Each structure stands twice: as structure tokens, then as C-alpha cells.
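Here the sequence shown is numbered in this note's numbering, starting from 190 and rising by one per residue.
Glycine residues also receive a C-beta, built at the ideal position from the N, C-alpha and C atoms.
Keep in mind that this is a model prediction, so the values were computed, not measured.
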Amino acid sequence: MAGPGAAGRVLRIGNASGFYGDRFDAVREMLTGGGLDVLTGDYLAELTMLILGRDVLKDPSAGYAKTFLRQMEEGLGLAHERGVRIVANAGGLNPAGLAAALRELAAKLGLPTRVAHVEGDALPPGPGVLTANAYLGGGGIAACLAAGADVVVTGRVTDAALVTGPAQWWFGWGPEEYDRLAGAVVAGHVLECGTQATGGNYAFFRELAERDPKALARPGFPLAELYGDGSAVVTKHPGTGGAVDVGTVTAQLLYETSGARYAGPDATARLDTVRLVQDGPDRVRIEGVRGEAPPPTLKAGGCRLGGHRNEVVFVLTGLDVDAKAALVREQVGAALAAAPPAEVRWELARTDREDAPTEETASALLRLVVRDPDPDRVGRDLTGAAIELALASYPGFHVTAPPGRGAPYGVFETAYVPAADVPHTAVLPDGTRTAVPVPPDSRVLEPVPEPDLPPPPPPGPVVRAPLGRIAGARSGDKGGDANVGVWVRTEEEWRWLVHTLTADLFRALLPETAGLPVTRHVLPNLRALNFTVAGLLGEGVASRARFDPQAKALGEWLRSRHLDLPETLL
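This is how it looks when you write it as C-alpha cells:
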């Protein structure tokens, strides 16, 4: 059964959550702030799956986002009054359990809410694996909505599936309408992180603040007007904070992607075909998206406990910082020599300033991180080694917090499984179980050849300045890899950027990436470059191997680096 869009109606689909722990009131704000047909919520991430896996170890009936259930205490009634369907991946590891809890809640509230769920993403865990889940597409969501569901909860689906599923139902698209499906994939990717599309975490946030000093105090959540041809307009409810412009949408489009082919279970979207056009205040049109058949495999993510970790941050104040760091490293190393942890990592952050006006700005931070399968080797052994130095080490010795017991850490691993081997299942409101068929065609992913580049700018005078004077950036993580998207806003800036910011210069500007594979992807329609840094994040965010474990600020570090910028661009 197709939705109202089969008769030409636009689908207004909003988002109320970008992660587990996002703004609690966003569900109410989106349901009461303006008209919607569908409200989505993204609650899952790599780290979230580990958290939910540990919840299940304590309570087998757990495993879903409890925040969502609390939001529905008010949200179910508001959605029923306004005729809004709700679609969320808050089911996590237990979508059936969340669906049952929602039915109980609806009965308690006296609401005729029809609840359905999608399952089949759970894979048999291997030895030592806590969770293993394939990323499903939107077909199961579409089947549930077509059966009359008011609320659909899923386990691990792709973030974009929260939009492609409702779009398939609404417009009655077939599985081979790849351009339309790819348009929905792109719209879904823009919406999935909530306020990152409306000015949150935005490189040029100061410009937004100059336009409206209160804009960023509480950005509104985004919504998309999706059309039957796959095009969309990204906007937000009237009167809400933040901003929607080509820059904010470009930043989110580049977030946690890599090459020109953005693969999903429903379709592969060609990001090199996306065109963004300002369509009025706080309105950006997405058009021209071309799609291809999805890959024959589904991405799968697995979380396992990797061992135990602990850390101590030593504060080094005033003079002789390097000598103080060397002394405490030698002392701690000697104390741990009898039973050394499997991994010991030191990092000195020179946050100190000469002749500083405050003690804090006169101080540097020396961070020690240890890992080991044995919790004792990162617990009491480390505690003793650090605390026993309190009166026997460098002058001014103190730490930011006393070391405690070692904590378990997780490892995220990616694999790919044949789509035909995953039992994608829609469990309809009446309990009927419907198998979701595999797409009829597939296409193995291949790199897109680098497009023809515009001519380089003519030589001229240059000024030494930060890259961020002209370029925006947004960065994030995919397992152990980091992604940095960089974009500019004029053709003159693009001609300079695409000929200047090579993979080699990227490594030179960010020395932490110097020994790692860095791949550059060129996206001329967006005036953007996307860099993938393999292995920078070790075993993923759950392992907390790096100061910035999700590479959230990697792009801002790049923007802060100085190089020769053409004077004409400044």
C-alpha cells in the first residue's frame, strides 16, 4: 500500500535525535512546531551498540534506548493528535522488546497506537564478540508503514534508512528507482545528525552569530520536504534557532563519508552529482542526485571487549616542563617494570604559556594511558605507581584526578556479509512476520576516477594565514578511520583549494597522519575535498585510543594550520 505521496503529496519528514542522549525535548518541539508527516530519531552509533551490549549482559530484557520510551510518554499522544508517524532505530539490540514496551505504554495512555518493528540485523556473534549487527535498509520500515503502523522501531539500520523507508512507502517507489532512492539517501544523511544540519558544530559559526546573535543558543532540528522525483528541500520549523544554508548542509553532507559513491542497502548515492541551491531563507534544495544499484553485501559492525584501560593526567607547571615530564615518565616506568601493562602510551600537551597570568595557563598536561587484559595491571598497580610519587617527583606535582580502578574498553570491527544471508524482517502491527526481499540488482563498489579539475589560479602575492580563513571543515569517525571534509564557497577559492590541498600537504599539516594512508576524494559540485585517514583512531571510539577518539575536532585542527593563502582570497 503506497502512502499519500503516490498522489503527488510532498513528504515532510523531520528528525528529533542525532544520538542516544540528544536533546530530550526535541520530540515535543518537532511535533508541536509545525506540520510533519513522519518524525524520525537516530539513537545508534558504534559506541552506543557497545553500551547497549553491556546493558544486555546485566539485563537480557534491556538493549534498547530507554530515553526514547520516556519521550514517547508525551510523544505518542502528540503524534496521534497530529497524524504523524514515528520511525526510530531506538530498538538497538532488542527492537521487539521496545515494541512491546510501547504497546504497554499506548494501552496505559488509552491510545490506539499501532506499533511495528524491524528485526533480522542481529548476526551470530563470534568468539568474544558482544554485539554483531548488519546495517539494514529501509524496506522493512516501508512494509510496516504500509501495514498501517503508527510507530516503527528498528535495530541496526543505516541512518539514511530512517528516511528511505518512509519515502518508499509514501511514494510507492520500486526497488530499482535508484535516482529517487539515492535522493532520499542524501536527504537522510543530512537529517540524521539533527542540528548539525542547522548550524550546530559549524565551522563558520561566527558568521551565523553575526547574522543572528541568538541563532546558535538552541538550534532547531531539521526537516526535509521530499518530492516524488527524489529531490528535497532541507529546512526547519519557523521560529526555531539555528540556520539552514548551503554551507550548513554541505558540512553535514561531507560528515563521515568518503568517496563519490556513498553506499547503502537501498541504493548507492553519487555524491559527486549532488547540487545544493539556496531556495529562500532557511531552505536548501538538494537536486540532481544520481543513484546506482546497492552493493551485494551489507556492512556489519561488531563490538567486543578489548580489555581494561586507565589513565592519569599529570599537571606540569611553570619552568622545565620537558625535564619534569622526563622525570615522571622514568619514575612511573620503573614502578611498573615488574608487571608492565600490555600497552603504555604517553602524550605531552603543551598547553602552557610563558610568563602566564594564571596558574592554569602556566601548566602543561602529561597524559598516561595504559591498557591490559588484566584489570589489576591497569588498576591498583597504576594507582600505586602514580600516587606514591606525590612527595617524590617533580616540583609542583599533582594530577587532574586520582587514578581509580581500570575500566573495560571496547573494540569496534567492521565486516561485510552477503545481503541475501541477512533475514531482514518486518513484524507488522498484527504480529505478521514479512520477509523483506533483497534488492533485485547489485553493483560492486568501485572508486570514481578523479574528475577534470579547473585551471589553477594565476600566481600572485600570498599571505601566511590559517586555512580556516577561507575553508570550512567537518570531521568524524568510521571505525578506526577518520574522515575530514573540507569545502570552500567560491569558484576562485575552489580553484586554489583543489590544486593546493593534496594528500601530501594534508599529511604535512597534520603530522599525526604522516605515516598513515590518506585518500583524497574530489567533489566539484560541492567545491569540496574529502580525506579518509586509515587507522588514525586505532580500534575505534570504544577503545578510546586517542585524545580525540572520534576525530570530531580533526577538521578544526586542519583549519587552524597556517599556509600561504593567495592575497586575493583574503
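To the nearest angstrom, how far is it from the Cα of R303 to the Cα of L265?
Reading the sequence shown from its first residue, position 114 is the one you call residue 303. Reading the sequence shown from its first residue, position 76 is the one you call residue 265. Each residue's alpha carbon lies about 10 angstroms from the other.
What ranges does the beta strand (DSSP E) occupy inside the segment 335-405, keeping only unbroken runs of at least 3 residues that lie completely in it?
Complete beta strand (DSSP E) runs here, min 3: 340-343.
Under a Cβ-count criterion, where at least 16 other Cβ atoms within 10 Å of its own Cβ denotes burial, should L642 be classed as buried or exposed?
Within the sequence shown, the letter at position 453 stands for residue 642. Label assigned to L642: exposed.
CA nearest to the CA of P645, picked from G388, E680 and P628:
Position 456 of the sequence shown, counted from the start, is the residue given in the question as residue 645. Minimum Cα distance to P645 is reached at E680.
Taking DSSP as the reference, what is the three-state secondary structure of F257?
Residue 257 sits at position 68 when you count from the first residue of the sequence shown. Helix, per DSSP.
Does the distance from the CB of G329 to the CB of T614 come in under 8 angstroms?
For the purposes of this step, residue 329 is identified with residue 140 of the sequence shown, where counting begins at 1. For the purposes of this step, residue 614 is identified with residue 425 of the sequence shown, where counting begins at 1. Yes, they are a contact pair.
Measure the beta-carbon distance from G377 to D348 and round it to whole angstroms, keeping in mind my assumption that it falls under 8 angstroms.
Working through the sequence shown from its first residue, we reach residue 377 at position 188. Working through the sequence shown from its first residue, we reach residue 348 at position 159. Right, the Cβ-Cβ distance comes to about 6 angstroms (below 8 angstroms), so this counts as a contact.
Any chance you could list the alpha helix (DSSP H) runs of at least 4 consecutive residues sitting entirely within the segment 271-303, in chain order?
Taken in chain order, the unbroken stretches of alpha helix (DSSP H) that lie wholly in the segment 271-303 and span 4 residues or more are 284-298.
Check the C-beta distance from W274 over to D226 and give it rounded, since I have them as a contact under 8 angstroms.
Along the sequence shown, read from residue 1 onward, the residue named residue 274 stands at position 85. Along the sequence shown, read from residue 1 onward, the residue named residue 226 stands at position 37. In the sequence as displayed, the identity of residue 274 is Arg instead of Trp. About 7 angstroms separates the Cβ atoms of R274 and D226, confirming a contact at the 8 angstroms cut-off.
Compare the Cα-Cα distances from V623 to each of A489, H306, V435 and G272 and report the closest residue.
Translated into positions along the sequence shown, residue 623 becomes position 434. Val is not the amino acid found at residue 623; the sequence shown has Thr there. Of the candidates A489, H306, V435 and G272, the one whose C-alpha sits nearest the C-alpha of T623 is H306.
Return the chain-ordered list of same chain residues with a C-beta closer than 7 angstroms to the C-beta of R498, the five sequence neighbours on each side being excluded.
On the sequence shown, residue 498 is found 309 positions in, with the first residue counted as 1. Result list for R498: V558, V559, R560, V567, G595, A596, Y598 and R733, in chain order.
Considering only the beta carbon of each residue, do D461 and P640 sit closer than 8 angstroms?
As a first step, residue 461 is located in the sequence shown; it is residue number 272 there, counting from the start. As a first step, residue 640 is located in the sequence shown; it is residue number 451 there, counting from the start. Cβ atoms of D461 and P640: closer than 8 angstroms.
Can you list, in chain order, the residues of its chain with a C-beta nearer than 7 angstroms to that of S582? Leave out the 5 residues immediately preceding and following it.
In the sequence shown, counting from the first residue as 1, residue 582 sits at position 393. Excluding five sequence positions before and after S582, the CB atoms of its chain that fall closer than 7 angstroms to its own CB belong to L516, V517 and Q520, given in chain order.
A528 vs D570 beta-carbon contact at 8 angstroms:
Here residue 528 is taken as the residue at index 339 of the sequence shown, counted from 1. Here residue 570 is taken as the residue at index 381 of the sequence shown, counted from 1. Inclusion of A528 and D570 in the CB contact set at 8 angstroms is warranted, their separation being smaller than that value.
I need the straight-line Cα distance from T439 to V379, nearest angstrom please.
As a working note, residue 439 is residue 250 in the sequence shown. As a working note, residue 379 is residue 190 in the sequence shown. If you take the alpha carbons of T439 and V379, they lie about 9 angstroms apart.
Which first and last residues belong to the alpha helix (DSSP H) in which G491 is found?
In the sequence shown, residue 491 corresponds to position 302, counting from 1. Per DSSP, G491 belongs to no alpha helix (DSSP H); it is in the beta strand (DSSP E), T486 to T506.
So within the segment 692-735, which uninterrupted alpha helix (DSSP H) runs reach at least 4 residues, ignoring any that extend past its ends?
As summarised for the segment 692-735, the continuous alpha helix (DSSP H) elements at least 4 residues long and confined to that stretch are 692-698, given in chain order.
Out of E481, P284, R556 and A545, which one is the CA nearest neighbour of E500?
In the sequence shown, residue 500 corresponds to position 311, counting from 1. It is R556 whose Cα lies nearest to the Cα of E500.
Starting from T572, trace the alpha helix (DSSP H) in both directions and tell me its first and last residue.
Position 383 of the sequence shown, counted from the first residue, corresponds to residue 572. From DSSP, the alpha helix (DSSP H) with T572 extends over R569 to I576.
Using the Cα positions of E366 and R450, report the straight-line distance between them to the nearest angstrom.
Residue 366 sits at position 177 when you count from the first residue of the sequence shown. Residue 450 sits at position 261 when you count from the first residue of the sequence shown. Distance between the alpha carbons of E366 and R450 is about 17 angstroms.
Relative to the C-alpha of T589, which residue among P648, D563, G573 and S552 is closest?
Residue 589 sits at position 400 when you count from the first residue of the sequence shown. Nearest Cα to T589 within the set P648, D563, G573 and S552: S552.
Please state if the CB of T702 and the CB of L725 are separated by a distance shorter than 8 angstroms.
Within the sequence shown, numbered from 1, the residue matching residue 725 stands at position 536. Within the sequence shown, numbered from 1, the residue matching residue 702 stands at position 513. Yes, Cβ-Cβ distance for L725 and T702 is below 8 angstroms.
Nearest CA to the CA of F695: which residue from F736, A717, R750 and R684?
Locating residue 695 in the sequence shown gives position 506, where the first residue counts as 1. Closest option to F695, judged by alpha-carbon separation, among F736, A717, R750 and R684: R750.
Hey, how far is the Cα of D630 from the Cα of A482?
Working through the sequence shown from its first residue, we reach residue 630 at position 441. Working through the sequence shown from its first residue, we reach residue 482 at position 293. Going by the C-alpha atoms only, they are around 6 angstroms apart.
What's the C-alpha gap between L487 and G649?
Position 298 of the sequence shown, counted from the first residue, corresponds to residue 487. Position 460 of the sequence shown, counted from the first residue, corresponds to residue 649. Looking at the two C-alpha atoms, the distance is approximately 49 angstroms.
How about V433 and A386: do their beta carbons lie closer than 8 angstroms?
Your numbering for residue 433 matches position 244 in the sequence shown. Your numbering for residue 386 matches position 197 in the sequence shown. In this structure, A386 lies closer than 8 angstroms to V433 by Cβ.
How long is the line joining the alpha carbons of A285 and F720, rounded to whole angstroms?
Against the sequence shown, residue 285 aligns to sequence position 96. Against the sequence shown, residue 720 aligns to sequence position 531. Rounded to the nearest whole angstrom, the CA to CA distance from A285 to F720 is 39 angstroms.
Look up Q467 in the DSSP assignment and give the residues it is bridged to.
Your numbering for residue 467 matches position 278 in the sequence shown. In DSSP, Q467 forms a bridge with V473.
The beta strand (DSSP E) that contains S552, what's its start and end?
Position 363 of the sequence shown, counted from the first residue, corresponds to residue 552. First-last of the beta strand (DSSP E) with S552: S552 to D561.
On the three-state DSSP scale, how would you describe D630?
Taking the first residue of the sequence shown as position 1, residue 630 is located at position 441. Here D630 sits in coil by DSSP.
Provide the residue(s) that pair with H587 in DSSP beta bridges, ordered along the chain.
Translated into the one-based positions of the sequence shown, residue 587 becomes position 398. DSSP, once it has assigned bridges, lists V504 as partnering H587.
Span of the alpha helix (DSSP H) around I240
On the sequence shown, residue 240 is found 51 positions in, with the first residue counted as 1. Where I240 is concerned, the enclosing alpha helix (DSSP H) stretches over E235 to K247.
L319: first and last residue of the uninterrupted beta strand (DSSP E) it sits in
For the purposes of this step, residue 319 is identified with residue 130 of the sequence shown, where counting begins at 1. V318 to A323 is the extent of the beta strand (DSSP E) around L319.
Within the same chain, show all residues whose beta-carbon is closer than 8 angstroms to that of A295, passing over the 5 residues directly before and after it, in chain order.
Along the sequence shown, one-based indexing puts residue 295 at 106. Contacts found: L265, P301, T302 and V304.
Could you tell me whether the segment 387-405 touches the segment 336-348, using the rule of 3 or more Cβ pairs below 8 angstroms?
No: fewer than three Cβ pairs fall under 8 angstroms.
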